[in-house]
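Taking it in order: structure first as structure tokens, then the write-up.
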Amino acid sequence: MRKMTEQNLRAAFAGESQAHMKYLIFSERAEREKKANLARLFKAISFAEQVHATNHYRALGEINDSSKNLQAGIDGETYEVEEMYPAFKTVAELQKEQTAVRSTNYALEAEKVHEEMYTKAKQTVDQGKDIALGDLYICDVCGFTVEGEAPAVCPVCGAKIERFKKF
Numbered sequence: 002m003r004k005m006t007e008q009n010l011r012a013a014f015a016g017e018s019q020a021h022m023k024y025l026i027f028s029e030r031a032e033r034e035k036k037a038n039l040a041r042l043f044k045a046i047s048f049a050e051q052v053h054a055t056n057h058y059r060a061l062g063e064i065n066d067s068s069k070n071l072q073a074g075i076d077g078e079t080y081e082v083e084e085m086y087p088a089f090k091t092v093a094e095l096q097k098e099q100t101a102v103r104s105t106n107y108a109l110e111a112e113k114v115h116e117e118m119y120t121k122a123k124q125t126v127d128q129g130k131d132i133a134l135g136d137l138y139i140c141d142v143c144g145f146t147v148e149g150e151a152p153a154v155c156p157v158c159g160a161k162i163e164r165f166k167k168f
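Numbering (the numbering used here), first residue to last: 2 to 168.
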């Protein structure tokens with residue numbers, strides 16, 4: 002693939018990915034405001050943006066077998082844990098942006114768990130097996146992720162068990 006086309010597809014993937022998430026967030030807000038049809042509109046268009054992002058990612062040749070996809074996940078989480086979030090958090094602290102400090106810390110702590118989970122999963126997948134996986138719980142305040150049982154209180158943000166979503 003020629004460089005300019007690749008750069009364009011990567012930019013389009015990033016833009017469509019951001020639009021997908023932004024519209025999901027807007028949908029949740031509309032639901033809280035009891036605007037069911039507006040929520041549905043945002044959710045539907047969010048899905049369309051996901052389709053666009055998937056098509057761009059496929060055209061880039063970035064969708065691989067599960068082992069390679071897990072390695073990409075590990076690489077991404079490692080970058081976030083070791084470089085991105087520590088740097089972002091430090092800048093937020095220096096600039097006394099407490100909301101950003103909290104947000105980056107929440108993400109950093111959750112990404113550490115994700116990195117471990119992907120690493121463990123890759124070891125199993127590389128043996129030609131599917132992973133054994135219990136219930137997953139995600140804190141809807143900070144993103145902390147746990148397998149098995151949700152804690153009574155989130156160890157990262159202190160949210161109560163009711164804030165955990167089961168997957």
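Glycine included, each C-beta is placed from N, C-alpha and C at the ideal position.
*Confirm, please, whether the CB-CB distance from ALA54 to LEU10 is below 8 Å.*
ALA54 sits away from LEU10, with the two beta carbons spaced by 8 Å or more.
_For ASP131, tell me which candidate among LEU137, CYS140 and LYS121 has the shortest Cα-Cα distance._
LYS121
*Could you name the residues that DSSP lists as bridge partners for TYR138?*
Answer is VAL147 and LYS167, bridged to TYR138.
*Assign ASN106 to one of two classes, buried (16 or more other C-beta atoms within 10 Å of its C-beta) or exposed (fewer than that).*
ASN106 comes out buried.
*asked:* Can you tell me whether LYS113 is buried or exposed? The criterion is at least 16 other CB atoms within 10 Å of its CB, across all chains shown.
replied: buried
*Using only alpha-carbon positions, find the residue among ALA111, GLU81 and LEU95 that is nearest to CYS143.*
The shortest C-alpha to C-alpha distance from CYS143 to any of ALA111, GLU81 and LEU95 is the one to ALA111.
*Cα separation between GLY159 and LEU134?*
25 Å
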